[in-house]
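If you're matching them up, the sequences are chains A and X in order. Heads up, the first sequence is in my numbering, so the first residue is 7 and it goes up one at a time. Heads up, the second sequence is in my numbering, so the first residue is 143 and it goes up one at a time. Data block below; observations after.
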Amino acid sequence: MKQFQYIRPATQQNVLDAITKSGTKIIAGGTNLVDLMKRGVTAPDKLVDINHLPLKGITPTKSGLHIGALALNSVVSENALVLQKHPLLSLALKAGASPQLRNMATVGGNMMQRTRCTYFYDTTMPCNKREPGTGCGAMEGYNRMHAIFGASQQCIAVHPSDMCVGLAALDAVVIIAGKKGERRIPFVDFHRLPEDHPETDNHLAKDELIVGVEIPDNNFAKNSYYLKVRDRQSYAFALVSVAAALDISGGLIKQARLAMGGVAHKPWRLYDAEKSLVGKAPTEENFKVAAQIAMQGAKAYEYNAFKLKLAPASISEALKHAAGVV
Amino acid sequence: MTNKNGLTRVDGRLKVTGAIKYAAEYKFPGLVYGVVVSSTIAKGEITGIDSKAAEKSPGVIAVISHLNAPKIPGYDRKPNDFDPNIKTFNDSKIYFYGQPVALVIADSFERAKHAATLVKVSYQKQQQQTSLTANLQNSYKPWGDGSDYLRGEANAYRNASVKIEAEYHTPIHVHNAMEPFAMTAVWDGDKITVYTKAQAIKSMQQDIMNMFKLPIENVQVYSKVIGGAFGSGSPLWPYAKAALIGAKVINKPLKVVIDREQMFTMVGYRSPAVQKIGMGASADGKLVGITHEATGETSTYQQFGEGITDTTKFLYDCPNVNTQYRLTRLDLSTPTYTRGPGETTGVFALECAVDELAHALNMDPLEFRKKNYADHDPEENKPWSSKYLDECYSLGAEHFGWDRRKQKPASVIENGWLVGYGVGSGAYGAGRANCSARAKLSADGILLIQSSTSDMGPGTATVMVKIASDIIDIPVENIRFELGSSALPAAPGEYGSITTSSVGSAVFDTCTELKEKFKQIAGGTDNPDYLKILKEHNLPFVEVTHHTSGRAPDADKYSAHAYVTHFVEAHVHPATGMVKIKKVVSAVDGGKILNPITARSQIIGGVVWGIGMSLTEEGVLDHRYGKYVNANLGDYHVATHADVPQIEVVFVDKKDPVTNPMGSKGIGEVAIVGFAAAVANAVFNATGIRVRDLPITPDKLI
C-alpha cells in the first residue's frame with residue numbers, strides 16, 4: 007500500500023475545502039476503500055476522515071424521512087422509523103454484507119462502493135473501469151456475476167449494493183453538499199451506466215460530499231419486500247435481487263415500484279413493469295406479465311445466461327411476497 | 143474441565159483468550175519480515191527481475207530471487223513424496239500462476255509488502271493449460287496397472303435389468319484455513335529453528351534436513367498450535383523454502399506470512415474430478431455391477447494422486463466391480479491432501495449413483511443400501527475389524543425421522559419451499575502408524591506426556607490426556623500433554639485419521655509401562671499410590687519412553703474402517719433455486735468414542751465443510767490466464783453460520799477389537815465423506831432435479 011496522509015477536518019466546510027485537491031479520498035466506514043487500497047486499485051495521497059461529522063441522524067421531515075450519510079447500515083436497518091415507514095429499506099440493508107460490515111458501513115459509503123467485478127480488483131487484469139483503455143476482462147472472461155441490462159462495450163460490471171436497490175425503489179433523493187451549497191438529485195440518477203466512461207460510477211463531483219438521503223412518505227409499508235438470490239445465505243453478493251413495493255387499495259394496485267440489483271451498473275428500476283401493474287389485481291399472473299416486461303432488452307454473456315431466467319422468476323416472487331400472496 | 147460429554151479442550155481457554163501463540167506470532171530480537179512475490183504468468187520463463195525500486199524502498203534489506211539466491215545443497219536430491227518439488231529460487235522456470243519468484247525482506251511487514259509491489263518481473267510466456275475438462279484426452283495412468291481394478295466381470299452393470307449411467311463433476315476446493323501459512327526461520331550458524339504450521343513435524347524436519355543437507359540435531363521444528371490445515375499443512379511448501387533461504391542469506395530471524403490469495407496457489411488444493419459411474423442391479427435391488435472411472439489433475443512438475451475410486455471397491459456387496467483412475471497434467475500447482483482425500487470426491491459420485499439406481503428401482507435408498515450390505519471386505523476378502531454401518535443407518539434414520547420421507551420427488555411443499563430428504567454414507571480407513579511417547583510423573587503430582595504430534599484442531603492433547611487419565615488414575619488437571627516440537631519422541635504426521643490411534647496407542651502403552659514401573663518400585667501392587675511411592679523411594683520423578691508399533695496385533699487379518707451415514711433435509715425454492723439445509727443427522731461408527739465432546743466437534747467440522755462442498759465452494763480459474771478469479775473469502779464461498787443448521791451427531795460407540803487398545807477408529811476424515819451426496823440426493827428428492835456438478839448453486843435448479 008502506498009503511503010498516504012490522513013486528516014480529520016473539524017467541520018463539513020473544512021472537509022469540502024480539503025477534498026478539492028486531487029488525490030484525496032473521503033473515508034467513512036472504509037469497508038470498501040481500505041480493500042481497494044490494499045489491492046492497489048486505488049492509491050490516494052490523502053484520506054479525509056468524516057466519521058465525526060454530525061451526519062448520523064434519522065429524522066422525519068415534512069414529507070419524508072431524512073437519513074444522514076454517516077448513519078450506520080446496522081443502525082438504519084433497526085431504526086424504528088425506518089421499520090415503520092420503509093421496512094423495505096431495512097430488509098435490503100440486512101440482506102447486505104455481514105453484521106460486522108454493516109456495523110462499520112455508512113449510508114453514504116454504501117452508495118459510493120465500487121463494483122465487486124474480479125477483473126476490477128485484480129490489478130494484473132485488464133479493466134476499463136480501473137484503468138481506462140485496457141479493455142474489459144469480464145466480457146470474454148468469468149462473467150457469472152455480471153450485467154444483463156445497460157452494459158456497454160467498455161464494461162459489464164454491476165453495482166454491488168442492496169441498500170441502493172431499496173432506495174432506488176423508494177424514490178429517495180440524494181442530498182449533496184458542495185462549495186456552492188446543497189443540491190438534491192433523485193437517487194435513480196445518482197449512479198450512472200458505464201457507456202464510454204466506466205471509470206465514473208456516479209454523478210457526484212470530486213469536490214462534493216453526500217450528506218444524506220431523503221425518502222418521501224409513501225403507502226408501500228404494508229406491501230413491500232426485498233428478495234436477494236445469492237450463492238450462500240449470508241455475505242454474498244446478489245446473483246439477482248429485487249425490491250418490490252406495492253400500494254394496494256380496494257384489491258387493486260394503485261402504485262408499484264420495482265428495482266433490481268445484480269443486473270446492471272446501477273440499481274435498475276423497472277419502470278415499464280411498474281406501469282403494467284397499475285390498476286391490476288395483485289395476482290401471480292399479473293406479476294409474471296410484469297416480470298416479462300421487465301426483461302425487455304436483457305442481454306447475457308457466457309456465464310450469466312441463467313439470470314435471464316432467474317431475474318423474471320425473482321421479480322414475480324418478490325411481488326408475491328410484497329402482495330402477501332405466497 | 144470434565145463434564146458428561148467428556149473432557150473439554152485442555153487448551154481451549156488459551157485459544158479463546160488469544161493467549162496461545164500461532165506460527166506468525168513469535169518475536170525475536172532483530173526479527174525482519176519477508177513478503178513473497180508471485181508469478182503473474184502460468185507457464186514460461188522469467189526473463190528478468192528489476193528490483194532496483196524495491197531495494198531503494200524504505201526499510202528494505204534484500205530482494206532474493208533465482209538471480210542471487212545461494213546454491214541450495216539439497217536441490218540435487220531426489221525429492222520425497224511430501225516435497226512440493228518446486229526448487230524455490232533455483233531457476234527461471236514458471237510452472238503455475240502465483241509461483242514464488244522473489245522474496246522481499248524489510249524491517250517491517252508493511253514496508254516489505256509495499257516493496258514487493260515494486261518488483262518488476264518480465265517473462266517469456268507460453269500457452270498454459272489449466273482446464274481439466276478441456277484436457278481429459280491427455281490423461282494417463284498414474285500408478286501403471288495399479289490405476290485399474292477389476293473384480294468379476296468388467297462393465298457387468300450393462301447387462302443388469304435396471305441400470306444407470308452418470309457423469310459427476312467436482313471443482314477445485316481450497317482448504318482456506320483461517321490461519322495463513324507462516325514460517326519464522328532462525329538460523330544460528332548451520333543450525334536452524336523454525337516456527338510454522340506443520341501437520342507432520344518430523345517429516346518437515348526431514349525435509350529441511352534434506353534441503354540443506356543437515357544432521358537431525360541441527361534442525362528444530364516447532365508447530366505448537368495450528369489454525370486449521372485440513373491436509374494442506376504437511377509439505378515444506380515453496381514459500382517456506384523461500385523463508386529458509388531468505389533467513390540464511392541475511393542471517394537474521396525472518397518471518398514470512400503468505401496472504402489469502404497466495405493460499406490458493408502456494409499450499410495445495412483438492413483436485414477437481416470428472417467421474418463416470420455405471421451401476422446396475424437386478425429388479426429386486428441386488429447389485430450386479432459397478433463401473434467407476436475417475437480423472438483428476440496434477441501439476442506438470444509433480445504427481446499427486448488420490449484414491450477416488452477406492453471406496454467403490456468395498457462399500458457394497460457387489461460381484462462385479464471395475465474402476466480406473468487417471469490424472470491429467472496441467473499448468474497449475476500440485477494438489478494435495480484435502481479432508482477425506484480421494485474418498486470425499488469419489489464417494490460423492492458413488493453415493494449419488496446409488497441414489498439414482500435406488501430411484502430407478504423405485505426403492506428407498508436406505509433399503510437399497512441395506513440390501514447390498516457387505517458383511518466382509520469384498521475387495522480384500524477379509525473380515526471387518528468391526529463394522530457398524532448398519533447401526534449408522536438405523537440410528538441415523540431414527541434420529542432424523544427418515545420414515546417420513548416420500549419416495550416420489552417433488553411431492554412435499556412447505557411454505558412455498560420444496561422439501562427433500564437425502565442420505566449418503568462414507569467410509570475411511572482406520573489406520574495407524576509407528577509412534578513414540580514419553581511419560582514422566584513427578585513428585586509435584588504432574589504427569590507430563592510428550593510426543594512430536596501436532597494439533598490442527600481436533601484436540602489432540604485433550605484426547606491424549608483423557609487416554610492417560612484412564613490408565614494412570616490421577617486428575618486430568620494434573621496431566622500435561624506436550625506436542626508440536628521435533629525434539630519430542632517421534633510421532634507420525636497428523637493426517638489420515640491416524641493420530642488418536644497411533645499417538646493414543648503410544649500414550650496408552652507408555653502410561654501402562656509407567657504404571658508397571660511404579661508397581662515394580664513398590665514391590666507389586668495393583669493400584670500404586672504414585673506420589674507415596676516417589677516419596678518413599680526418594681525419587682524426584684519416574685520416566686519412561688515407549689515405542690509403539692503401528693501394526694496392531696492381527697491387524698493384517700482384518701479390514702478396518704470408520705463409517706458415517708449423513709441424513710439431510712434440504713429445502714429448495716422452486717422459483718429462485720436457493721437451497722437451505724434445514725436439518726442434519728450424522729451417525730458415526732468410530733469405534734469406541736474416547737472423548738465425545740471433541741469427537742462431536744470433528745464431525746460437525748466435517749459436515750460444515752460438506753455444506754460448503756455441496757452448495758457453495760468452487761475454486762474458479764480464468765483459463766485465459768490460468769489464474770483464480772475468486773482467490774479471496776468474499777468470492778470463494780465457505781459456509782457461513784447462516785448456511786449451517788443444527789447438526790445432530792450420533793455415535794454407535796462400540797469398541798473395535800483390532801485397531802488399537804482403546805478400540806477407537808479415527809473420524810477426522812470420514813466426517814465429510816458422503817455428505818455432499820446426501821445433499822444432492824436431498825435436493826433431488828425435493829425437486830426431481832439431479833445436479834451432478836458441484837456446487838449446487840441456484841442457477842442449476844431453475
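Backbone N, C-alpha and C define an ideal beta-carbon position, used for all residues, glycine too. Model, not experiment: these values are computed from the prediction.
Where residue i sits in the DSSP three-state scheme
i        : result
X/ASN680 : coil
X/HIS541 : helix
X/TYR672 : helix
X/TRP285 : coil
X/LYS724 : strand
X/GLU197 : helix
X/ALA258 : helix
X/SER207 : strand
A/ALA317 : helix
X/ASN145 : strand
A/GLN261 : strand
X/TYR700 : coil
A/LEU71  : strand
X/SER441 : strand
X/TYR535 : helix
X/TRP526 : strand
A/PRO66  : strand
X/ARG106 : Because chain X spans 143 through 844 in this model, residue 106 of chain X falls outside it and cannot be assessed.
Chain-ordered neighbours of residue i on chain X, where CB pairs are closer than 7 Å
i        : result
A/THR121 : Simply none; closest approach about 13 Å.
Residue i versus residue j - alpha carbon distance
i        : j        : result
X/ILE350 : X/GLY420 : 46 Å
A/VAL88  : A/LEU215 : 23 Å
A/ILE33  : X/GLY635 : 47 Å
A/ASP207 : X/THR718 : 29 Å
A/TRP274 : A/THR121 : 15 Å
X/THR604 : X/ILE814 : 22 Å
A/ALA178 : A/PRO60  : 21 Å
Contacts that residue i makes with chain A (C-beta to C-beta distance below 7 Å)
i        : result
X/MET720 : VAL235
X/PRO787 : Simply none; closest approach about 10 Å.
X/GLY558 : VAL332
Closer than 9 Å at the beta carbon, the chain X residues around residue i
i        : result
A/GLY330 : Per Cβ cutoff of 9 Å: no residues; A/GLY330 is ~12 Å from chain X at best.
A/MET7   : GLU252, LYS255, HIS256 and THR259
A/TYR241 : LEU775, GLY776, HIS779, THR782 and ALA784
Beta-carbon contacts of residue i that lie in its chain and below 6 Å, excluding the five residues immediately before and after
i        : result
A/LYS234 : ALA101, ALA244 and SER247
A/THR129 : GLY46
X/VAL500 : In the sequence as presented, Val is not what sits at residue 500 of chain X; that position holds Ala. PRO507 and PHE510, listed in sequence order.
X/ASN177 : The residue asked about is misnamed: residue 177 of chain X is Val in this sequence, not Asn. Answer for X/VAL177: VAL246, ALA254, LYS255 and ALA258, listed in chain order.
X/LYS582 : LEU590, PHE683 and GLU685
Contact set for residue i: own chain, Cβ-Cβ below 8 Å, skip 5 residues either direction
i        : result
A/ALA287 : GLY257, LEU258 and ILE259
Own chain partners of residue i with C-beta closer than 7 Å, once the 5 adjacent residues on each side are dropped
i        : result
X/ILE588 : ASN620 and ARG622
X/LYS305 : TYR299, GLY420, MET421 and GLY422
X/LYS659 : VAL684 and VAL686
X/ASP192 : LYS262
Under 8 Å from the C-beta of residue i: neighbouring residues of chain A
i        : result
X/ILE844 : PHE312, LYS315, LEU316 and ALA319
X/VAL771 : THR124, TYR125, ASP128, GLY147 and TYR148
X/ALA717 : ALA319, SER320, SER322 and GLU323
Contact list for residue i against chain A, beta-carbon separation under 9 Å
i        : result
X/HIS208 : The contacting residues do not exist; X/HIS208 stays about 21 Å from chain A at best.
X/ASP764 : THR124, TYR125, MET131, GLY143, GLY147 and TYR148
Residue i: contacting residues in chain X (beta-carbon distance under 8 Å)
i        : result
A/ARG238 : LEU757, THR758, HIS779, ALA781, THR782, ALA784 and ASP785
Original post:
Quick one, which residues of the region 45-64 of chain A are near chain X if we go by CB-CB under 9 Å, in chain order?
Top reply: Taking 9 Å as the Cβ-Cβ cut-off against chain X, the residues of the region 45-64 of chain A that qualify are GLY46.
Subject >> Cβ-based contacts, 9 Å cut-off: residues of the region 312-336 of chain X near chain A >> reply: Residues: none.
Original post:
Mind listing which residues of the region 151-182 of chain X have their C-beta closer than 8 Å to chain A's C-betas, in chain order?
Top reply: Those residues of the region 151-182 of chain X that come within reach of chain A (Cβ to Cβ, closer than 8 Å) are THR182.
Original post:
Any residues in the region 828-841 of chain X with a beta carbon nearer than 9 Å to a beta carbon of chain A? Which ones, in chain order?
Top reply: Of all residues in the region 828-841 of chain X, only PRO837, THR839, PRO840 and ASP841 come within less than 9 Å of chain A when Cβ atoms are compared, listed by chain position.
Original post:
Between the region 243-254 of chain A and chain X, which residues of the former have a C-beta closer than 9 Å to a C-beta of the latter?
Top reply: For the region 243-254 of chain A, which is checked against every Cβ of chain X, the residues closer than 9 Å are PHE243, LEU245 and VAL246.
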